[in-house]
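Numbering (this note's numbering), first residue to last: 103 to 406. Backbone N, C-alpha and C define an ideal beta-carbon position, used for all residues, glycine too.
Below you can see the structure in the form of structure tokens.
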């Protein structure tokens, strides 16, 4: 678990067996998905009075300051901050991911947006092969396709289109591609900078990129105590904990597998919706969850 400490040794390859590294990566991404899953409920509460861009910028800025603060307390390798141009670039990718997803919801349905955003594993697989030399076996490609279809079923995707929806769907696709790029970037940086410095700097940069949009949508009356607490919770739980553990998993597993497992944020969100919002999933949603899990199992069973 040296990755989580943020110490300089975290940036070096670990002399652990492949199986042990994979198991620890699975644990990390499993915890990340658990924290990710709190996001829909918290966003629902924050969105009662705040714009989506205020929520996104606020959570990124707060998470960045929090994670960098923890890095400072743990005497992390601050020399990594000399790579600030890289952090600014990856922060832009993260900002586009969040911004495009938020923007897509103004033009298309949640079902279309979720189904397209979670095609990200396909792009992650292609980019991993192209940039990292991490090729997939035929059964893994089949598993990815099955998992993506499962997410589409789960989200209630229907093939209905008009010009406005096409704009929203295009934005959702941009969000998927940038999420894949974000994942590949996180894996590529594992030997160059400690985890906490990397994650905190990227979150902070992403928040700064989104700040102009947040300012354009600013409304002082929207900053109620419940909204503020929800944004703080979004910064701490799904982002500060969830995304940081996600980045830790990327240092131990192939980006494609980690990205694919992240699709289970939807499943976790459905389960939390049952307990916290009283929203009972439909039979079709349950079928979609089952199909997605079959695809994930196919990929993981073939992972070396």
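With burial defined as no fewer than 16 other Cβ atoms inside 10 Å of the residue's Cβ, what is the status of residue i: buried or exposed?
i, result
"residue 126", "buried"
"residue 255", "buried"
"residue 146", "exposed"
"residue 403", "exposed"
"residue 356", "buried"
"residue 322", "exposed"
"residue 385", "exposed"
"residue 281", "buried"
"residue 311", "buried"
"residue 113", "Unreliable positioning characterises residue 113 in this predicted model, as indicated by a pLDDT of 43, which lies under 50. The coordinate reading is nonetheless provided below. Buried, because 16 or more other Cβ atoms sit within 10 Å of the Cβ of residue 113."
"residue 391", "buried"
"residue 271", "buried"
"residue 354", "buried"
"residue 380", "exposed"
"residue 340", "buried"
"residue 162", "buried"
"residue 111", "Any answer about residue 111 is weak, because its pLDDT of 40 lies below 50 and its placement is not dependable; what the coordinates show is given next. Exposed, because fewer than 16 other Cβ atoms sit within 10 Å of the Cβ of residue 111."
"residue 118", "For residue 118, the pLDDT reaches just 48, beneath the cut-off of 50, and the residue's location in the model is therefore unreliable, leaving the point undetermined."
"residue 193", "buried"
"residue 292", "buried"
"residue 218", "buried"
"residue 229", "buried"
"residue 393", "buried"
Give a yes or no on whether the C-beta atoms belonging to residue i and residue j are separated by under 8 Å.
i, j, result
"residue 301", "residue 169", "yes"
"residue 216", "residue 250", "no"
"residue 298", "residue 134", "no"
"residue 269", "residue 209", "yes"
"residue 365", "residue 220", "yes"
"residue 167", "residue 336", "no"
"residue 400", "residue 244", "yes"
"residue 283", "residue 397", "no"
"residue 214", "residue 274", "yes"
"residue 197", "residue 308", "yes"
"residue 238", "residue 231", "yes"
"residue 246", "residue 343", "no"
Taking residue i and residue j to be in contact with their CB atoms under 8 Å, please state how far apart those CB atoms are, rounded to whole angstroms.
i, j, result
"residue 352", "residue 360", "5 Å"
"residue 277", "residue 199", "5 Å"
"residue 367", "residue 138", "4 Å"
"residue 334", "residue 175", "The Cβ separation is near 19 Å, so there is no contact."
"residue 306", "residue 140", "That belief does not hold up - the Cβ atoms of residue 306 and residue 140 are roughly 21 Å apart, past 8 Å."
"residue 329", "residue 183", "No, residue 329 and residue 183 are not in contact; Cβ-Cβ is about 32 Å, not under 8 Å."
"residue 289", "residue 234", "7 Å"
"residue 124", "residue 227", "About 17 Å separates the two Cβ atoms, so there is no contact after all."
Can you find a C-beta in chain B that's less than 8 Å from the C-beta of residue i?
i, result
"residue 173", "Here chain B cannot be found, since the structure has a single protein chain."
Can you check which of these residues, the options, is closest to residue i by C-alpha distance?
i, options, result
"residue 319", "130, 151, 196, 274", "151"
"residue 130", "218, 285, 350", "350"
"residue 266", "193, 225, 345, 206", "206"
"residue 285", "241, 222, 332, 339", "222"
"residue 315", "159, 289, 340", "159"
"residue 326", "157, 307, 187, 370", "157"
"residue 132", "183, 389, 377, 370", "370"
"residue 142", "187, 171, 376", "376"
"residue 188", "153, 313, 294", "294"
"residue 155", "242, 317, 382, 389", "317"
"residue 324", "153, 264, 136", "153"
"residue 264", "211, 240, 296, 229", "211"
"residue 201", "313, 240, 393, 236", "313"
Given the structure, does residue i come close to the ligand NAD, in the sense that its CB is under 7 Å from one of the ligand's heavy atoms?
i, result
"residue 367", "Ligands in the displayed structure: none, and consequently the ligand NAD is not present."
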